[in-house]
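Heads up: the sequence shown at position 167 corresponds to 158 in the working numbering, and the numbers run straight through without jumps.
No residue lacks a Cβ here, since even glycine has one placed at the ideal position from N, Cα and C.
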Amino acid sequence: MFAARSIVRSTRRISIQSALPQSYLRQSPVRALTTSTKPRNASIAPGQTVNHNDHTDNQSVTAMGLTTSGLRLKIRKYPTFSSLEEERMYRKQHLAAAYRIFAMRGFDEGVAGHISVRDPILEDHFWLNPLSTHFSQIRVSDLILVNEQGQVVEGDQPINAAAFAIHSALHRRRPDVHAACHAHSVYGKSWSAFGRELDMYTQDSLRFFKSHGVYKQFGGVVLEGDEGDRIADALGDGKAAILQNHGILTVGQSVDEAAFWFLSLDKTCQAQLLIDAAAAGSGHKPKTIPEEEAAESYKQVGTPEKGWLAFQGYYDEVLARTGGDFLN
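#1: Between Val205 and the ligand COA, is there a pair consisting of the residue's CB and a ligand heavy atom that are separated by less than 8 angstroms?
#2: Just to confirm my understanding: we take Glu145, look at its own chain, exclude 5 residues before and 5 after, and list those with CB closer than 6 angstroms. What are they?
#3: Run the CB neighbour count on Leu84, radius 10 Å, all protein chains shown included, and call it buried at 16 or more, exposed below.
#4: Under 9 angstroms between the Cβ atoms of Gln140 and Thr124?
#5: Determine the burial state of Arg276: buried for a count of at least 16 other Cβ atoms within 10 Å of its Cβ, exposed for fewer.
#6: Using CA atoms only, rank isn't needed, just tell me which of Arg67, Ile66 and Tyr81 is closest to Ser73.
#7: Buried or exposed for Ser132, please, with buried defined as at least 16 other CB atoms from any protein chain shown within 10 angstroms of its CB.
#8: Report the residue ranges of all alpha helix (DSSP H) runs contained in full by the segment 166 to 202; include only those spanning at least 4 residues, in chain order.
#9: Where does Gly229 sit, in a helix, a strand or coil, going by DSSP?
#10: Indicate the three-state DSSP secondary structure (helix, strand or coil) for Ile92 in the structure shown.
#11: Would you kindly check if the distance between the Cβ of Leu86 and the Cβ of Val246 is under 9 angstroms?
#12: What residues in its chain sit with their C-beta under 6 angstroms from that of Thr2, if we drop five residues either side in the sequence?
#13: Where DSSP assigns a beta bridge to Phe117, which residues make up the other side?
#14: Restricting to Cα atoms, I'd like to know which of His175, His169, Phe317 and Ser181 is closest to Leu265.
#15: Suppose contacts are defined by Cβ-Cβ distances below 9 angstroms. Is Ala231 in contact with Ile222 by that definition?
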């Protein structure tokens, strides 16, 4: 078992009924995912700044929720649970949703790609997709629970061997990581061919400021545990890794966070490819965001709370689009 049990249990969340997005708005959560974000006077309009009398949860994601009557409107946040079983179901529901969302955005390619989430009860186990099921069809009941030896504990389908090699190393090496995403997205694998980090050209790229690495090697399909460890080395303590000639990978404290980082990283790769192509054609050199501004902005756009929150709109969309089919 991982020594991270205390980390997981210090952030227990509410009833699984929160699968319906409206319920997030009715909760009185105890605590969000941990962050080092400090309140800042971010300008929003002439003469106005974020109100530091607002709820701390709102401040942590630069939300404003004070009404004229003094009522505090709280932003959605990762819920608390009354039992580990309820948290397990929540994680599985959001994992199944992440697969559906990846399919909707074209991140599927045959049987390539995988998203995992750590089990909150058996903390050295994690949930994965069955190898032969398309992302767009995955439901909670399809998910496979695998132990640290790669044996199927729950489920009746095989898993991807490469997925196990990568995800087992990440979950073992990073107790703070509860979810990881890897898929062969077009822009992610296109950018990976350069084998280098992204430039800080846009505000959205700042989500990965000093928080992504590059695995500068291609050893074929990842089937050996040592290869998974080398990928974990490249990831370090960051939230993303660019796997040279392969694609991109993201991690997070929740599957929601990890999935949003993946969505954003793929778009950031697309933006960089477009910027570099335009620069080559025009001769104009793109402007890089200065390091001081990048570091300060990262506190607003790159925290676990912001990643989790940013994913909720996608979750709401797939819930409405499918009628909750993936929850079965």
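On the basis of the coordinates in this document:
#1: In the structure on display, the ligand COA does not appear, and there are no ligands present to speak of.
#2: Leu136
#3: Contrary to the premise, residue 84 reads as Gln rather than Leu in this sequence. Answer is buried; the Cβ neighbour count reaches 16.
#4: no
#5: Residue identity differs from the one stated: residue 276 is Lys in this sequence, not Arg. Counting Cβ neighbours within 10 Å, Lys276 comes out exposed, since fewer than 16 surround it.
#6: Tyr81
#7: exposed
#8: 177 to 183
#9: coil
#10: helix
#11: yes
#12: Its pLDDT being 42, under 50, Thr2 is placed unreliably by the model, and the measurement read from it follows with that caveat. Taken in chain order, the list of residues that qualify is empty.
#13: Arg109 and Val137
#14: Ser181
#15: no
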